[in-house]
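Report on the following structure.
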Amino acid sequence: MAVGNVQITGTGQLIELSRRLKMAGGPRLKQNFSRRIRRAGEPLKNDMQQTIRSLPITADPRKPGSRGGPSPTTRPLRATVAEAVRLSVRTAGNPGARIWMDTSLLPSDLKGMPKAMNKADGRIRHKVFGNKKRWVNQHTTPLWWDKTVQRHQSRMRAEVARVLDDVRRTIT
9 MAVGNVQITG TGQLIELSRR LKMAGGPRLK QNFSRRIRRA GEPLKNDMQQ TIRSLPITAD
69 PRKPGSRGGP SPTTRPLRAT VAEAVRLSVR TAGNPGARIW MDTSLLPSDL KGMPKAMNKA
129 DGRIRHKVFG NKKRWVNQHT TPLWWDKTVQ RHQSRMRAEV ARVLDDVRRT IT
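Terminal number for the sequence shown in the working numbering: 180, no gaps in between.
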């Protein structure tokens, strides 16, 4: 699964439930359903942000004679990327919960960073401060997005099933 979004949907059950919510005409019931689904997704979103903030990123050793120095930006990479993680809940159309990376919140030079940080080989290759002639490799935990989702998947499915059962009982 690529960095970008995670969806928990049980299309048949959720669509049928959405129809019944409309027929029942209970906006309070719909709000309760949305709130509980959002609450079920919050731990995954929080863990995703924490994983990004604590993600180890190491660099290849410098070659003899190469110069280094402090970054010209004061923007913290991991915190900036972590703030772009979003959770959305839909009860109509294609209902479900979705955890996704909102790249519109990232600066233009970091829009591709979430995907670069989640590669299977864990390698982040980038220009040195925008210099197209100098490139470096950095390494991070491979597939961290996928691993974080897998840790939460069974809990999320069970929680969503419990919410669906509660709402179904209320409707019938």
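Virtual Cβ for every residue (Gly too), placed ideally from N, Cα, C. Keep in mind that this is a model prediction, so the values were computed, not measured.
Reference residue i; option with closest CA among the options
i	options	result
E50	E91, F41 and L95	L95
M56	I45, Q39, T66 and E91	E91
M125	S112, T82 and T66	T66
G1	A169, W108, R177 and G138	The structure shown has nothing for residue 1, since the chain only spans 9 to 180.
R98	A166, S42 and Q158	S42
M109	V175, I60, I23 and R176	I60
R46	R177, T178, L172 and W152	L172
L113	R106, A105, T88 and T156	T88
K119	G130, H134 and D129	H134
M121	N40, V93 and N54	V93
V157	R106, D174 and D117	R106
Test item: CB-CB of residue i and residue j under 9 Å
i	j	result
P84	T148	no
L37	H160	no
S62	R86	yes
L151	K123	no
Coil, strand or helix - residue i by DSSP
i	result
T66	strand
P51	helix
G73	coil
T59	helix
R44	helix
R83	coil
V14	In this prediction, V14 has a pLDDT of 48, which is less than 50 and means its spatial position is unreliable; what the coordinates show is noted afterwards. Of the three classes helix, strand and coil, the one that applies to V14 here is strand, per DSSP.
E24	helix
Short CB-CB distance (under 9 Å) between residue i and chain B
i	result
G49	Going by chain labels, chain B is absent from the structure shown, which holds only one protein chain.
Can you list, in chain order, the stretches of the alpha helix (DSSP H) that have 4 or more residues and sit fully within the segment 85 to 149? For the segment 85 to 149, the continuous alpha helix (DSSP H) assignments of 4+ residues that do not extend past its boundaries occur at 85 to 90 and 121 to 125, in sequence order.
The segment 135 to 150 in contact with the segment 163 to 178 per 3-pair CB rule at 8 Å: Here the segment 135 to 150 makes no contact with the segment 163 to 178; the two share fewer than three CB pairs at distances below 8 Å.
What are the complete alpha helix (DSSP H) segments, minimum 4 residues, inside the segment 145 to 179? Those alpha helix (DSSP H) runs which fall completely within the segment 145 to 179 and span 4+ residues are 152 to 179.
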